[in-house]
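Residue numbers (our numbering): 6 to 218. As structure tokens, the structure follows; a few thoughts come after it.
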Ligand code: SAM
């Protein structure tokens, strides 16, 4: 398998184990080696997508802009801000945003936004248009709708990197059925390039790479 990792993401050894890593201050008690910090795929859907060899299209570097929806306390988005340029981190719960602000202290390109991802008009004046990637991990009903409503921010050749949590849509339904419905709804605004179950790291989650239509 040829791995396509963004610049600024490396495979390194931590305690004898081969792990993905980025350079930055630790955020969630992850192992470090000098300035490198391990990226735990069990704690991060994007980390799992990279571990599984999905082609995210992320290149890394100061010019790459990212809109991250569902940032929580910053576990994953801190790694993104370690390797990418301006990274806008949307999270609507006040409590995790406190930790997110802490993660942003040493990361001048990470911009926490206490906003609801279902209301993109409330942050449209802050987020630059034509971002290179939208990373979405919002554990809420209507995940396809959130992706469609935020498509306006994405560059024509940008990528949506979406983690779908089946149980957030309907706990009673078979995850495969939920994933089928989400994919169908997404097709209204996106072309799906790749999808993979993240089972090895996250139960009942599907990783999707898509581009805007
Ligand atoms: N992406 C995070 C990470 O890997 O570090 C974990 C995200 S957690 C699974 C889902 C987050 O989405 C929660 O913090 C929740 O508050 C947030 N969320 C759910 N609905 C949201 C919405 N409409 N707008 C913004 N955030 C939302």
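Note that CB positions come from ideal geometry on N, CA and C, so glycine has one too.
Open item on the list: Buried or exposed, going by whether 16 or more other CB atoms sit within 10 Å of the CB of residue 141?
Closed with: buried
Open item on the list: Our contact map puts residue 55 next to residue 10 with C-beta atoms below 8 Å; I'd like the distance itself, whole angstroms only.
Closed with: 6 Å between Cβ atoms; contact.
Open item on the list: Please identify the residue among 83, 120 and 90 whose C-alpha is closest to the C-alpha of residue 107.
Closed with: 83
Task: C-beta contact flag for residue 211 and residue 169 at 7 Å - done: yes
Open item on the list: Between residue 49 and residue 80, how many whole angstroms is the CB-CB distance? I'm expecting something under 8 Å.
Closed with: 6 Å
Task: DSSP-derived helix/strand/coil call for residue 84 - done: Residue 84: helix per DSSP, three-state reduction.
Open item on the list: Considering only heavy atoms of the ligand SAM, does any lie closer than 6 Å to the CB of residue 143?
Closed with: Within the cutoff, so yes.
- [ ] State the start and end residues of the unbroken alpha helix (DSSP H) segment that holds residue 185.
- [x] 180 to 191
Open item on the list: Given 6 Å as the limit, tell me if residue 81 has its C-beta closer than that to any heavy atom belonging to the ligand SAM.
Closed with: yes
Task: Per DSSP, the bridge partner or partners of residue 119 - done: 96
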